[in-house]
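Working notes, structure below.
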Amino acid sequence: MARYAVIGLGIFGFHVAQSLYEKGHDVIAVDISEEMVQRARDTASQAVHADATDRETLEALGLQDVDCAIISVGERIDNSILITLHLAEMGVKKIVVKAVNDTHGKILRKIGATEVVFPEKEMAIRTADRYSHRDVLDQIPLGDGVTILELIVPPFLVGKSILDAKLRKDYSLNVIGIKELQPDGGHAFVLARPDFILKRTDVLVLVGPDDRVEAFKGIPS
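This is how it looks when you write it as structure tokens:
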């Protein structure tokens, strides 16, 4: 079990805190709004009404000892920069910060953020990818030039085994697994056996370099 601090309990911060807490982690949630703190009482180990821009407050809460701090303080760029700076100086080794634009992100990295996220931008890209390619069901960038892709088995692979599809050899993509259509209309994840015969109703779950993923999506059906 890891110890997390989530600072800022808007939509993004609240759901991050809730998800971490539900996974069994120790989560201290902090916000300057009493209303937000009250809402988070049941989704964190500890919910605290406090001004996180004050370094003494952060130290009093013991945030220097967390495994990871996640900062999401809305549009207040100055506040997120100040909080990030305090936590970096306090020795927090992993600091993830929500940024509102690229310039904000560059500043955050320079002062100690170990990771910068753009939730709205990333969701917009995923949505565009999904609806611009009919067979793409989901696309998740993992960072460092690697992407997970879920798509309906394209017609040119239907009837082939995973071995014969040569996805790794020809497209530099690794098959994580297959989501196979079930009688109730849902899909069940199964391991990617070499002799598994691909059907048009199956969903391929692939991982590979961003450029190879894009190239594979562009192959005519």
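Numbered by numbering that gives the first Met the number 0, the letters in the sequence shown go through residues 0 to 220 in order. Glycine included, each C-beta is placed from N, C-alpha and C at the ideal position.
- Taken through DSSP and simplified to helix, strand or coil, residue 105 comes out as helix.
- One thing to note: residue 110 has its Cβ within 7 Å of the Cβ of residue 84.
- Taking residue 178 as the centre and dropping the five residues before and after it, the same chain places the C-beta of 186, 188, 202 closer than 6 Å to its C-beta, in chain order.
- Counting only runs of 4 or more residues that sit fully inside the stretch 21-80, the alpha helix (DSSP H) segments are 33-38, 54-59, in chain order.
- Beta-carbon to beta-carbon, residue 28 and residue 60 are separated by about 11 Å, too far to satisfy the 8 Å threshold.
- C-alpha of residue 10 to C-alpha of residue 57: approximately 22 Å in a straight line.
- For residue 206, the enclosing beta strand (DSSP E) stretches over residues 202-208.
- Between residue 208 and residue 161, the gap from beta carbon to beta carbon reaches 7 Å or more.
- Residue 138 and residue 173 have their C-alpha atoms spaced approximately 15 Å apart.
- Cβ-Cβ distances below 6 Å link residue 40 to 46 in the same chain, with the five nearest sequence neighbours on each side left out; the list follows chain order.
- The continuous alpha helix (DSSP H) containing residue 163 extends over residues 161-164.
- Under the three-state reduction of DSSP output, residue 17 falls in the helix class.
- Going by DSSP, residue 97 is part of the beta strand (DSSP E) stretching over 94-97.
- Taking C-beta atoms as the reference points, residue 135 and residue 175 fail to come closer than 7 Å.
- Residue state for residue 178 is assigned as strand, using DSSP reduced to three classes.
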